[in-house]
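One structure is given here, and the rest of the page talks about it.
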Amino acid sequence: MKHNVAGVAPDLLAPAYLDRFVALFGVAARKSLIEWKRASTGEAQLTLLDASSLGEVVPASTPCVIYVGQSASVAEKSRAGRWVSHLPAEFTVSDLIDALDRAAVFLMDWSARQKMAAAKVAAVVEAAVPAAQDGADDQYQLTSWVSLDAPYNTGACVRAMALLTRAPINIRQLCGHSGLDQETARALITSLNRRGVLRHTAHKTAVAMSSNAAQEQVNRGRPVRTGLIQRLTRWVRVGGRN
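Numbering (our numbering) for the sequence shown: 25 to 266.
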């Protein structure tokens with residue numbers, strides 16, 4: 025039993041071509057790599073056209089097009105993401121089987137790529153939601169280096185990882201120095217946080233820690249400065265004599 029099913033739309037063909045297709049399709053479909061079923065032009069994964077067809081009615085999202093009796097235009101052949109082929113005007117059942125099989129191979133790869141792209145988008149959206157709830161000035165720091173999987177295995181994400189390793193940094197600074205956009209940066213932050221390799225400091229806490237550190241530095245220097253002033257005062261009182 026064939027697990028992959030795809031729709032083919034021959035309805036835009038001229039009557040002579042359509043009759044030939046209908047006569048041969050039953051045999052060709054049984055011998056093809058996947059299960060082919062007739063479908064409307066708007067729903068089919070493969071559409072057949074000829075010189076008389078109105079090609080503009082084919083949705084831009086249709087992944088496969090076969091031209092019967094003519095070659096596709098240069099613009100059609102160069103269309104990104106679409107498989108385009110040709111059948112002779114008097115195509116045989118072998119010609120049709122070959123064309124359907126080549127379309128099937130493209131569609132199986134195309135379906136896999138569509139699923140991967142959808143999964144990447146879903147991962148970015150899902151990861152960005154929790155991070156979006158953090159404050160804009162919250163700070164993050166990487167506690168240990170980890171490898172990055174798709175969709176984060178890019179140069180900009182690696183630069184962001186390096187920045188996160190050096191010192192606590194907020195989203196705005198991270199985007200400015202790494203080249204990431206806000207959405208991707210927040211998604212990366214959430215992904216790293218879920219892997220347990222990120223330290224997150226809320227803005228108020230970060231400010232308090234910075235103030236405490238500064239005050240501690242002041243306090244450490246105060247006895248030295250106070251003692252020096254006292255010694256200078258005594259020195260002046262006794263007329264500069266030791």
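By construction, the Cβ of each residue, glycine as well, lies at the ideal position given by its N, Cα and C atoms.
Taking the alpha-carbon of residue i as reference, which of the options has the nearest alpha-carbon?
i: residue 208; options: 182, 223 and 221; result: 182
i: residue 225; options: 206, 212 and 193; result: 193
i: residue 44; options: 220, 67, 54 and 72; result: 72
i: residue 13; options: 68, 214 and 74; result: Summary: the structure shown does not reach residue 13, with the chain confined to residues 25 through 266, and so no result is reported for it.
i: residue 110; options: 124, 92 and 62; result: 92
i: residue 129; options: 212, 175 and 59; result: 59
i: residue 114; options: 70, 74, 125 and 126; result: 74
i: residue 62; options: 33, 77 and 54; result: 33
i: residue 39; options: 223, 64 and 77; result: 77
i: residue 64; options: 86, 53 and 163; result: 86
i: residue 163; options: 89, 190, 177 and 35; result: 190
i: residue 57; options: 127, 188 and 198; result: 127
i: residue 196; options: 161, 107, 173 and 81; result: 161
i: residue 214; options: 202, 95, 176 and 125; result: 176
i: residue 201; options: 219, 105, 220 and 179; result: 179
i: residue 166; options: 105, 172, 174 and 185; result: 185
i: residue 70; options: 29, 55 and 54; result: 29
i: residue 36; options: 173, 90, 206 and 131; result: 90
i: residue 133; options: 199, 88 and 82; result: 88
i: residue 16; options: 223, 205, 212 and 81; result: Coverage of the chain is limited to positions 25 through 266, which leaves residue 16 absent and any answer about it impossible.
i: residue 124; options: 204, 199, 54 and 137; result: 54
i: residue 41; options: 108, 94, 136 and 66; result: 94
i: residue 221; options: 198, 188 and 204; result: 188
In the DSSP assignment, the beta strand (DSSP E) including residue i goes from what residue to what residue?
i: residue 106; result: Taken as a continuous stretch (DSSP letters only), residue 106 belongs to no beta strand (DSSP E), as it is neither H nor E.
i: residue 71; result: 70–73
i: residue 225; result: 222–225
So, helix, strand or coil for residue i, using DSSP?
i: residue 230; result: Confidence in residue 230 is poor, its pLDDT being 47 and thus under 50, which makes the residue's placement too unreliable to answer from.
i: residue 36; result: coil
i: residue 94; result: coil
i: residue 65; result: coil
i: residue 46; result: helix
i: residue 113; result: coil
i: residue 82; result: coil
i: residue 30; result: strand
i: residue 41; result: helix
i: residue 249; result: Here the model assigns residue 249 a pLDDT of 49, short of 50, so the residue's position is not dependable and the matter cannot be decided.
i: residue 238; result: Because residue 238 carries a pLDDT of 48, less than 50, the predicted location of this residue cannot be relied on, and the following value inherits that uncertainty. It is helical.
Between residue i and chain C, is there a C-beta pair that is closer than 7 Å?
i: residue 36; result: Judged by its chain identifiers, the structure shown contains no chain C, having just a single protein chain.
Taking residue i as part of the alpha helix (DSSP H), name the residues at either end of that continuous run.
i: residue 57; result: Counting along the chain, residue 57 falls outside any alpha helix (DSSP H), and DSSP gives it neither H nor E.
i: residue 209; result: 206–218
Check your understanding: For the 8 Å Cβ check, are there 3 or more pairs between the segment 120–139 and the segment 48–63?
Key -> The segment 120–139, when compared against the segment 48–63, does touch it at the 8 Å Cβ threshold.
Check your understanding: Along the chain, which unbroken stretches of the beta strand (DSSP E) at least 3 residues long are found entirely within the segment 157–201?
Key -> Runs of the beta strand (DSSP E) inside the segment 157–201: 163–166.
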